[in-house]
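Scroll down for the structure; my scribbles are underneath it.
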Amino acid sequence: MISATVGRGAVLGAVALSLLGVPAQAAPGQARAESAAALPAPDTAALREVLRSAVAQGAPGAMARIDDNGAMYTAARGFADRGAQRAIHATDRFRIGSVTKTFSAVVLLQLMDERKLSLDASVNRYLPGLLPDDRITVRHLLSHRSGLYDYTNDLFAKTVSGFEAVRDKVYTYRQLVDLSLKKPRTDPPGTAYSYSNTNFVVAGMLIEKLTGRSVRSAYENRIFKPLKLNDTAYVHPDVKIPGRYARGYLTPDRAGAPLVDSTEQTASWAQSAGAIISSPRDLNTFLSALAGGRLLSSAALSEMKRFTKVNSTTAYGLGLRRRDLSCGVSVYGHTGVVQGYYTYAFTNKDGRRSVTALANTSNNTTVLNTMAGTLESAFCGKRSNPKRAKAVFERTEDVAPTVVRH
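20 is the number of the first residue of the sequence shown in our numbering; add one for each residue after it.
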């Protein structure tokens, strides 16, 4: 069933589309290539097809929300809860995984704005003796150029058994760093991009040291409350997602094995690298505020956008990804993987159009790559070039990034 509503609207059935308001025109002088007014209209039919494909490929459900300078579009397909047969809805909360890294980076860049932190200072200046190399800087952490080994490669080399071993475990930050330091560093500091959750665990330690409070307090007081992100929470080490939410389903490594309900977990293995819970509305609000200059000074936002090329379509700044789409538009945000959830959350350069999309499964790279199509649908519309859009096929995730998935 497909429905469309105008006004406040409700999402009906397993697949739904709502449209609210009319996009305003861009102000004179704005860059046409990046402003929302210059973007083609979202291709909502293609968006629904992406979600349909993700469900056909093994995700119990998939949904997305586009906020476009006053207009809002939502689409959903499949189930938030397989047992109860409850349809997934674009208002559901979920675990956002590594999109958390952007929140952590914003807090540290705010501390830089407050002159409590220097990006090019040694991490050991603030956390004496923590790391084995004084050359590792805060910038190296936030850009994944520290060379610190990602401990999740070992925790989750085996998907289900690895998850079950940590589902109820509560780690300290230091324990996670120690897991990393048992292994050699991947590269000398500053010489190469190598995605590592360890970097953002150390970022959490920096936040707590420099603020004198928990990361939860920092997120709440600096981001959640000012932006009125009422669906967003950092509940670690509690295992439940508050409010209405989509359950997460982990795909086993063995083909044909049943999905594992991975909803309830401490997410303690991730913490400031991946433990926030949110909703599409809140993530779009956050990214629009970030790109629009409401969270950081222009100097700090410029630092965040000093990108290192990762592959032909992706670059990484400071806790921020840039994706270069087939139509020539670049978008900014992060992907997120935590057991049972794949998230894409991105905005355009001025923050006037944002999209958040979720599939409630993981360890399924076919679904992961299919969901990237939500960006093409949202920002390129009918100008999307399918061949170019599929040129890069990801076979790794933000969790255990050196483990090749199938």
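Glycine is no exception: its CB is placed at the ideal position from the N, C-alpha and C atoms.
- With 16 or more other Cβ atoms from the protein chains shown falling within 10 Å of its own Cβ, K368 counts as buried.
- Counting along the chain, no alpha helix (DSSP H) covers G77, and no H or E run does either.
- In this structure, A318 sits away from F219, with a CB-CB distance that is not shorter than 8 Å.
- By the criterion of at least three beta-carbon pairs nearer than 8 Å, the region 210-218 is not in contact with the region 230-250.
- L229 and A60 have their C-alpha atoms roughly 44 Å apart.
- Nearest neighbour of S199 by Cα position, chosen from Y170, R193 and D206, turns out to be Y170.
- Per DSSP, the beta bridge partners of V357 are Y360.
- Residues of the same chain with a CB within less than 8 Å of the CB of Y264, apart from the 5 flanking positions on each side, are A99, D111, R112, F113, T282 and I296 in chain order.
- Only buried fits Q358, as 16 or more other CB atoms lie within 10 angstroms of its CB.
- Taking every protein chain shown into account, the CB of S180 has fewer than 16 other CB atoms within 10 angstroms, so this residue is exposed.
- DSSP places A319 in the helix class (H, G or I) of the three-state scheme.
- DSSP places T217 in the uninterrupted alpha helix (DSSP H) bounded by N216 to T230.
- Considering only C346, G370 and R96, the residue with the shortest C-alpha distance to P79 is R96.
- For G97, the enclosing beta strand (DSSP E) covers residues A90 to D100.
- Our two residues, S141 and D153, have alpha carbons roughly 6 Å apart in a direct line.
- Partner residues in the beta bridge of G352, as assigned by DSSP, are R340 and F365.
- A direct Cα-Cα distance of roughly 16 Å separates L160 from V418.
- In this structure, L70 sits away from A397, with a CB-CB distance that is not shorter than 8 Å.
- For M390 against L128, the beta-carbon gap comes to about 28 Å, at or over 8 Å, which does not count as contact.
- Sorting D87, G77 and R313 by C-alpha distance to the C-alpha of G275 places G77 at the top.
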